[in-house]
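**Student:** Numbering (the working numbering), first residue to last: 91 to 417.
Glycine included, every Cβ here is placed at the ideal spot set by N, Cα and C.
Take this structure first; my questions come after.
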Ligand code: UDP
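Now the structure itself:
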């Protein structure tokens, strides 16, 4: 049975990877320091092939026994998180990546680094192909994340070239799905929770900036294929369906039937104006492309947010009514 370590396993994507790899017959060890992750995300998993270790991967990592695969997903990933934790973000991308690469070398494991479309910064090439080097402001507020991930890619390639470690680099574009946090701060969870509460949707700037949103199960499939391939060059994984943020807000108002409206707020500094993955490399080398439509993905995500937001609320009302009746 292959043995797989997932760092950031208590996060949104990490927790989906735990399920995916268990289903593929792996023994899975999840590691997280719970800075932005939550054990609730895997509380429903009761497999004897799964265990959790609370550990900060910027410190030396010790794992008893063999490790075949490492998926390095530990990092704050929402702009508001890396603004709140700039130094931890830099540390996990640099020191954390160094530690997991050291572990991969020691164990002879194949390691997949979760990199990001943020390495392209505010891109001057559109759509973004893997051979574009990017347009990143190193000293801006997003620089802590972007530069940490760029450093992580450089470190990964150095371990590959110098120590012959089997490495993979995925550049993940905007991803959404169940288990994003209600207070995550990113566009999709913000808009859905605002819509379900009947609040106005906060669109930053004039909403003409674009993103391309991939449903999390498509991402998991792409990551698995990349890990099992021999591809050591970075690979974009994302959905090429590009849309403006204003259109996404409108789509979510429509899908939730919310009575809220759109309100405009200031655009954060260095917010990329456009983003769309060129996925020809993933298509060619992995035979992968996304399958889940935006509508289906939103429906599943909205269901999850309803269960998180509306059920506890309904329960409180129910308990209050029971209390009023003197029961
Ligand atoms: N955004 C928005 N309202 C929100 C949250 C985000 O208009 O409540 C915008 C944000 O400025 C960016 C886009 O939506 O232009 C996507 O932001 P997100 O934080 O989801 O991820 P990013 O792609 O910027 O990393």
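Under 7 angstroms from any heavy atom of ligand 3, does the C-beta of residue 298 make it?
**Tutor:** As presented, the structure is devoid of ligand 3, carrying ligand 1 as its sole ligands.
**Student:** Taking 8 angstroms as the cut-off, does the stretch 291–301 touch the stretch 180–196 (at least 3 CB pairs, one atom from each stretch)?
**Tutor:** At 8 angstroms Cβ cutoff, the stretches do not touch.
**Student:** Could you pull out every residue in the same chain whose Cβ sits closer than 8 angstroms to the Cβ of residue 288, ignoring the five residues on either side in sequence?
**Tutor:** The residues are 348, 349 and 350.
**Student:** Please return the same chain residues whose Cβ sits closer than 8 angstroms to the Cβ of residue 359, not counting the five positions on each side in sequence.
**Tutor:** Same-chain partners within the cutoff: 230, 231 and 232.
**Student:** Under 7 angstroms from any heavy atom of ligand 1, does the C-beta of residue 367 make it?
**Tutor:** No; taking the cut-off as 7 angstroms, the Cβ of residue 367 has no heavy atom of ligand 1 nearer than that.
**Student:** Within this structure, are the beta carbons of residue 418 and residue 260 separated by less than 8 angstroms?
**Tutor:** Nothing about residue 418 can be read from this structure; the chain reaches only from 91 to 417.
**Student:** Taking the beta strand (DSSP E) that residue 276 belongs to, which residues open and close that run?
**Tutor:** It is not in any beta strand (DSSP E) - residue 276 carries neither H nor E in the DSSP assignment.
**Student:** Where do the ends of the alpha helix (DSSP H) carrying residue 307 lie?
**Tutor:** That run of the alpha helix (DSSP H) goes 306–318.
**Student:** At which residues does the alpha helix (DSSP H) containing residue 240 begin and terminate?
**Tutor:** Where residue 240 is concerned, the enclosing alpha helix (DSSP H) stretches over 233–253.
**Student:** Output needed for residue 124: all residues of its chain with C-beta closer than 7 angstroms, excluding positions within five of it in sequence on either side, in chain order.
**Tutor:** Excluding residues within five positions, the ones whose Cβ falls inside 7 angstroms are 100 and 144.
**Student:** State the Cα-Cα distance for the pair residue 415 and residue 153, rounded to the nearest angstrom.
**Tutor:** Here residue 415 scores only 47 on pLDDT, less than 50, and its place in the model is too uncertain to base an answer on.
**Student:** For residue 417 and residue 109, I'd like the C-alpha separation in whole angstroms.
**Tutor:** Unreliable positioning characterises residue 417 in this predicted model, as indicated by a pLDDT of 43, which lies under 50. The coordinate reading is nonetheless provided below. Going by the C-alpha atoms only, they are around 41 angstroms apart.
**Student:** Answer yes or no: do residue 326 and residue 282 have a C-beta to C-beta separation smaller than 8 angstroms?
**Tutor:** Against a cut-off of 8 angstroms, the Cβ pair of residue 282 and residue 326 comes out as no contact.
**Student:** Do residue 118 and residue 103 have their beta-carbon atoms positioned less than 8 angstroms apart in this structure?
**Tutor:** No, Cβ-Cβ distance for residue 103 and residue 118 is not below 8 angstroms.
**Student:** Would you mind working out which of 218, 105, 339 and 161 sits nearest residue 353, comparing C-alpha positions?
**Tutor:** Of the candidates 218, 105, 339 and 161, the one whose C-alpha sits nearest the C-alpha of residue 353 is 339.
**Student:** Let me confirm a value: residue 114 is counted as buried when at least 16 other C-beta atoms fall within 10 Å, else exposed. Which label applies?
**Tutor:** By the 10 Å Cβ count, residue 114 comes out exposed.
**Student:** Taking contact to mean at least 3 C-beta pairs separated by less than 8 angstroms, is the stretch 161–177 in contact with the stretch 219–226?
**Tutor:** Segments in contact, no.
**Student:** Check whether the Cβ atoms of residue 262 and residue 207 lie closer than 8 angstroms to each other.
**Tutor:** Yes.
**Student:** Starting from the C-beta of residue 267, find all residues in its chain whose C-beta is less than 6 angstroms away, skip the five residues before and the five after it, and write them out in chain order.
**Tutor:** Excluding sequence neighbours, residue 267 sits near 305, 306 and 391.
**Student:** Excluding sequence positions up to five away, which residues of its chain have a Cβ less than 6 angstroms from the Cβ of residue 200?
**Tutor:** Hits under 6 angstroms: 159 and 256.
**Student:** Using the C-alpha atoms, what's the distance from residue 181 back to residue 127?
**Tutor:** Roughly 16 angstroms between the two C-alpha positions.
**Student:** Tell me where the beta strand (DSSP E) around residue 162 begins and ends.
**Tutor:** Here the beta strand (DSSP E) through residue 162 covers 159–162.
**Student:** For residue 237, which residues in the same chain have their Cβ closer than 6 angstroms to its Cβ, ignoring the five residues on either side in sequence?
**Tutor:** Closer than 6 angstroms at Cβ, skipping near neighbours: 228.
**Student:** Can you check DSSP and say which residues form a bridge with residue 294?
**Tutor:** DSSP output for residue 294 lists 355 as bridge partner(s).
**Student:** If you reduce the DSSP assignment to three classes, tell me which class residue 322 lands in.
**Tutor:** Residue state, collapsed to three classes: coil.
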